[in-house]
Every structure is written in structure tokens, then in C-alpha cells.
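S.K.: For the sequence shown, our numbering begins at 648 and goes up steadily by one.
Each residue gets a CB set at the ideal place from its N, CA and C atoms; glycine is no exception.
Dropping the structure in here first, questions after.
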Amino acid sequence: MNIKELRERANLYLYGSKSRVLRILSFLNVLVSLTALGVLIYYYGFKLTPEAEEISFNILETSFAFYILRYVVKFIYDFNPRQFIRNNWFEGVIVIMLLIEGISYNFFDQMVIESMFISLGFKSFGAFSTIFVQLFIFIIIISNLLKERKLKPWLKIHPGWLFTISIALMTLIGGLLLMLPEMSRIEGGMDFTDSLFLSMSSVSVTGLSTVDVAQTLTFKGQMVVMVLIKLGGLNTIAFGALMLVVAKFGVGIKYHEVIEDFVNRDSILKAKSMLAKIVIWATTIEIIGIILLFIGFGDKGVFADTGNRAFQAVFHGISGFNNAGLSTLPGGMMHPDVINSTFVQTIIMILFFLGGFGMIYLFDLFEIRRLRERMKKPWKTIEFGTKISLYFTLGLIAFGAIVFMIAEWNRSLSDEGTLSSVVISLFESLTTRNAGFNVVDTSELAMPVLIIFLFLMFIGASSGSAGGGIRTSTFAIMWASVISTIKGKKHTELFKRTIANDTVLKAYAIFIFFVIGNVVGPFVLSITEADLLASPEYDYDFMDLVFEHVSAASTVGLSTGMTADLSVAGKYVLIVAMFIGRVGTLTLAYLVGKRVISKNYKYPSGHTMVG
């Protein structure tokens, strides 16, 4: 009897019990996953007695065993084992790692991953090796819960609502996690407002904070912030592709037009492969950035410990690429150990430039297939959207850097050399697009520079990136519309292309909504922060309020220093601004606005004077 015949007999024998066994396994999966998730939060969120710690660890070990058993049972009951391994390769890798860690811990009383990193010189790796392993459990828990059929109907909603709700849920969950006693050095934990503010800032990849991330948060709290940044950094193109991947859960054809709006591509059939490509490219860029930062940080000062140096590199690599602007260094990029490192500043600058440029445009510029195609066919150029993103981004960066260098030459740049002055000017110009990092004290900048910063923050990053603002494409279309109108043209033209009228209208709609938001926001802040502005203890004025709100609404993260001094009401105003900035004003307007039943009519033309 060969293996194939043996397998067929086994399949026939197992067929009768397959449905019942998988149903029981599914029930146990939800039960174990929820229990493990609760224990995981308890284990890391509270200070435990040795007995409680041992019980918690035993429960988590049991969940390890269950996930291994579950994988094996599903493999046995699958009638096509090779296909099962291909479809569940990620879970298989995690199960193998859990097996290795379980065997090494129970038989040799040591963790393989921890031992490996300690042997490489990471002396403090033991502090978070367990978190590294438990992260596997967390990934399995979430993926297993999402796979359950009972949860799938919740995904049968408008993609825009799904995006909005996911941002709100991540923020709330992150805020609750940051309130746990072990997440901060504050006695009893952070209060709800500050933790929600930091969570919203992380998810929206803004960078504003009412607390010092480096001094207030523990290592566990900083890990939570890093995960929130990574999740929030899923840009709108990745979200659009993701919606198509989960279409099997019930996103109907009537929503494909909306998804196409998010993706902004002619074809939506390649969304699944595009999502995979986005993840691969983003991860690759982050890993390269992390390695270069690890080298650039050196081994002096706070980076003397290899483990801390590695963590700082990972955190700043993720924060930089995702345009978050949050730092675990006291003083951020102005910390004494990095403030004079042109190399580190350049790497961070490149990371948040790429993160704010838009992955879809990076594909067009640097994908090997497209580079070869352009080399073979010189008449082929980069796509229209890529031209807009590239040329207007470079133009705005150059404009901001030149203004900064001229205005600050005898001020913040007076003690710097020529190369350092150029790097700092480029860094400060780039950071206004969405990064939030700064190498110069923003509160000490000249007023003309602050005004230019407001302008650049208002425009923001490129479409389809982790950035905010009205986006460079919106600004480009409005600019083209104005120039075309001045020249007396009937259509809006840019780079020898005619822009559709509905695209122009969308651009103006986004601009108007954003202007309204940044008028109403500072107005409300002027009411909530009246005492702060009048206080002789502080030197704040209305310009600081405007700067703070535009920074929040554009999800930039630059501040003149008043964030921590805001009242509770003022903090919630900025939370709302960051939320709207992350979701998008036009998206919210589409969701809450009343849609017309029919578009097949037209009123008589009306004429009036303009200007």
C-alpha cells in the first residue's frame, strides 16, 4: 500500500467526524483565544505577585499547547495537506517557533531566542524576549478570532465606515492599554484623557503628546505605542487593497466604487497582490532603515547597551517611516547623542520622506519591472499621479528649506556648518509634510518660518501615504485649476493632461472642509484655553493655538510646546482634530452626508458675478 492509498483510507475514516471535530475546535479556539488575550493583558499590564505570574505563565503555556494541537488536528483533517501548509504557512512558522521555545524552556530551562540574542551581545534582551514570544500568541489570537465565521457579518459594512470604526477602536483599545499600571511610571497609571490622546496620536501617526514618551512610559508602554504606530501607518492605499481582500466576508460590488476611490487606480482586481507588495516594500524599507539607524547610533551614551540601541533603532525606524514623529529618546531628535549626527538625521529624513511619498508612487518609480520597461521604451514615462507627487513634493521641500535657511541663518543655524545647515533645513522642511520630528526648537523659530510651516503642514503629504493634510495632489489640482482659469482655458490641465471636472470639485471640497475645520478648531481652542493664554506664567498666544491645531489636523506632530499645558477640553479638541485628519474630511462627509437618490437631472443654468 503506497502513501497515497493510505492517505485516502485515512480521509475516508476521518470524514465522518470532521465536521464535529472542527466545530468543537472552533468553539475552543474562541474560548482559549479570549482567555489568553485577557491573561496577556493582565500579565503585562499589572504588577503581579510571583504566584500570580506563575499561574498566568502556565495559562499562556497551555494556550501555546492548544494552538500547536489545533494546527496539527486541522492538518490531519485537511484532505489536501500540501495546500493546507501553503495556505497556512505563517501560522505553521509560528507553531514551529512555539515548539522550539516550548521544548527548550521545559527541557533545558532557557529560551532559544533569548539565548541567541544574548550571545550576540544583547545583554538586556531578556527584558523583552518574553514579549517577543508572546507577540506570536497575540498574532495567532487576533488572526484566529478574525477567521471565525460568527465575526464575519460585522465586516459586511461600508468600507469607509469600516476604516473609520477601525481607527476609533484601535484608539480606544490603545488608550485603555496605556492606562494599565505597568505601562507608565505614573503612580496608578495614566489618566484616561492623556492615554487616549497618546493613543490617538500614535494611531493617527501624528506625534503630539501630553506626556514625555521617553520619561513617562515604561518599556511595555513604549512597545504598545510602537504597535499602535505600526497599525496606524497602514495608509489609505493599503486599506483600499485590504477591503478587497476581505471582500469574501461580504463587501458587495456596490462598494467597489468606493474602494476604487480609496485605491485611486484604474483596476481593483490586483488589490490582493498590491497589499502584499505594500507590506513587503514597507517592511523592507523599515528593516533597512533600522539597520542603518543601529549603525548610526553608535555605542556611546544611551546607546552603550546593545539591547537598548536595537530597541531605539526599531522604534525610530517604525516611527520615522510611518511619519509618527514620536521618540523614546528624552528630547527626541534633539537628544545630545543624536543632535549632531548628520547621518542619523539623514536616515530619519529619508524614512519619513518615503513614508509620506505614497507606496503606489514608489512602485512606479523603483519597481524593477517598470524600470526595465522604461529603459527598453524611452518614450514611456512615470505615471501622471507619480509626476504630481514627485514634482510638487520636491518643489515644496525645496521652497520650505530655502525659506528656513534664509530666515534662520543668523538664528538657529548660526553655529552650524554649511552641510549641517543644509541637512537641518531639509529636515525641518520635510518634517512639516507629516513627520513631526524636529532638530530645532519649534518655539524659538522666527514668525515667517512658523507661517511657512503652517502652509506646508496644511498641504501635507502625498495621496495614499501615511501622511495627512489636504495632500499634494489636492494642492496640485487646485494650482492647475487656478492657472488654467487665468489662462482662459475651459478645462484644468496639468503636465499635458486634462483633469476631470469631478476630480477638481473633490479637490476644492477637501480644501474647503479642511479650511473650515482649521477655523472652527482654533476658535474652540481660544475658548477652552482662554485662561492659558491669559496666564502670566506662560508665553502663549493665538498663533500657538492655530499652529497646534493645524499640526493635529494635518497629523504632523510639530508643536510650539503647549500640548502638555492644554486643558482637558483642549486636549479633546485636538483628539477630534487628529481623528478627522487621519480618516479624512471628505471621507467623513461622504459617510454622514445624505446621498442623492438620482443624478439623472440638471437644473437650469444660473449666472452671477464672481470676485
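#1: Count the C-beta pairs between the segment 970-979 and the segment 833-852 that are closer than 8 Å, then say yes if the count reaches three, no if not.
#2: Report the rounded CA-to-CA distance for ALA1224 versus ILE1117, giving the unit in angstroms.
#3: Can you tell me where the alpha helix (DSSP H) with LEU1179 in it begins and where it stops?
#4: Quick one: grab the DSSP three-state call for ARG832.
#5: Alpha carbon to alpha carbon, how far is GLU1075 from HIS1196?
#6: Give, in chain order, every unbroken run of the alpha helix (DSSP H) that is at least 4 residues long and sits entirely within the segment 695-729.
#7: So, with DSSP's three-state summary, where would you put ILE935?
#8: Could you name the residues of the same chain whose beta carbon sits closer than 6 Å to that of SER1128, not counting the 5 residues immediately before and after it, in chain order?
#9: DSSP on ARG956, reduced to helix/strand/coil?
#10: Please confirm whether MET1209 and VAL1086 have their CB atoms less than 8 Å apart.
#11: Under the DSSP definition of a beta bridge, which residues are partnered with GLU1140?
#12: If you draw a straight line from the alpha carbon of ILE688 to that of GLU700, how long is it in whole angstroms?
#13: Does DSSP classify LEU864 as helix, strand or coil?
#14: So, using beta-carbon positions, are GLY943 and PHE990 closer together than 8 Å?
#15: Which ranges would you report for the alpha helix (DSSP H) in the segment 962-1011 if only whole runs of at least 4 residues count?
#16: Please report the distance separating the alpha-carbon of THR709 from that of ALA929.
#17: Cβ atoms of LEU1092 and MET996: under 8 Å apart, would you say?
#18: Per DSSP, what kind of secondary structure is GLY1107 in: helix, strand or coil?
#19: Could you tell me whether the segment 1048-1063 touches the segment 1022-1037, where touching means 3 or more Cβ pairs closer than 8 Å?
#20: Would you tell me roughly how many angstroms separate the C-alpha atoms of ALA1200 and MET1104, rounded to the nearest one?
#21: Taking a contact to mean a Cβ-Cβ separation below 8 Å, would you say ILE1261 touches THR1121 in this structure?
#22: Can you give me the Cβ contacts of PRO1095 inside the same chain, cut-off strictly under 8 Å, excluding the 5 residues immediately before and after it?
#23: Does the beta-carbon of ASN1148 have 16 or more other beta-carbons within 10 angstroms, so that it is buried, or is it exposed?
#24: By Cβ distance below 6 Å, which residues in the same chain neighbour PRO1169 in space, the five residues on each side in sequence not counted?
#25: Could you spell out where the alpha helix (DSSP H) holding LEU1221 opens and where it closes?
#26: Determine contact between the segment 860-872 and the segment 817-834, defined as no fewer than three beta-carbon pairs at a distance below 8 Å.
#27: Assign LYS1249 to buried or exposed, taking buried as 16 or more other Cβ atoms, counted over all protein chains shown, within 10 Å of its Cβ.
#28: How big is the Cα-Cα spacing for ALA1108 and ILE732?
#29: On the DSSP letters alone, give me the boundaries of the alpha helix (DSSP H) that LYS1023 sits inside.
#30: What residues in its chain sit with their C-beta under 6 Å from that of LYS895, if we drop five residues either side in the sequence?
#31: Return yes when the Cβ of MET817 is within less than 8 Å of the Cβ of PHE878, no when it is not.
#32: Roughly how many angstroms lie between the CA atoms of TRP736 and SER1036, to the nearest whole one?
#33: Quick one: is the Cβ of VAL1166 within less than 7 Å of any heavy atom of the ligand GTP?
#34: Between VAL858 and VAL872, how many whole angstroms is the CB-CB distance? I'm expecting something under 8 Å.
#35: With DSSP as the reference, label VAL858 as helix, strand or coil.
#36: Where does the unbroken alpha helix (DSSP H) through LEU745 begin, and where does it stop?
M.R.: Well, looking at it:
#1: yes
#2: 13 Å
#3: 1177-1181
#4: DSSP, reduced to helix, strand and coil, places ARG832 outside both helices and strands of the structure shown, so it counts as coil.
#5: 19 Å
#6: 697-724
#7: helix
#8: THR1139 and VAL1151
#9: helix
#10: no
#11: THR1145
#12: 12 Å
#13: In the three-state reduction of the DSSP assignment, LEU864 falls in the strand class.
#14: yes
#15: 989-1004
#16: 34 Å
#17: no
#18: DSSP places GLY1107 in coil when its eight states are reduced to three.
#19: Judged by Cβ distances under 8 Å, the segment 1048-1063 makes no contact with the segment 1022-1037, as fewer than three pairs qualify.
#20: 9 Å
#21: For residue 1261 there is no data in the structure shown, the boundaries of the chain being 648 and 1258.
#22: VAL1050 and ALA1054
#23: exposed
#24: LEU1192, VAL1193 and HIS1196
#25: 1215-1230 is the extent of the alpha helix (DSSP H) around LEU1221.
#26: yes
#27: exposed
#28: 41 Å
#29: 1015-1023
#30: For LYS895, the predicted model reports a pLDDT of 38, less than 50, meaning its position is unreliable; a value from the coordinates is still stated below. The answer is none, since no qualifying residue turns up.
#31: The sequence given here places Leu at residue 878; Phe does not occur at that position. Cβ atoms of LEU878 and MET817: closer than 8 Å.
#32: 37 Å
#33: Absence of the ligand GTP is noted for the structure shown, with no ligands found whatsoever.
#34: The pair is not a contact, with the Cβ atoms about 11 Å apart (cut-off 8 Å).
#35: coil
#36: 736-755
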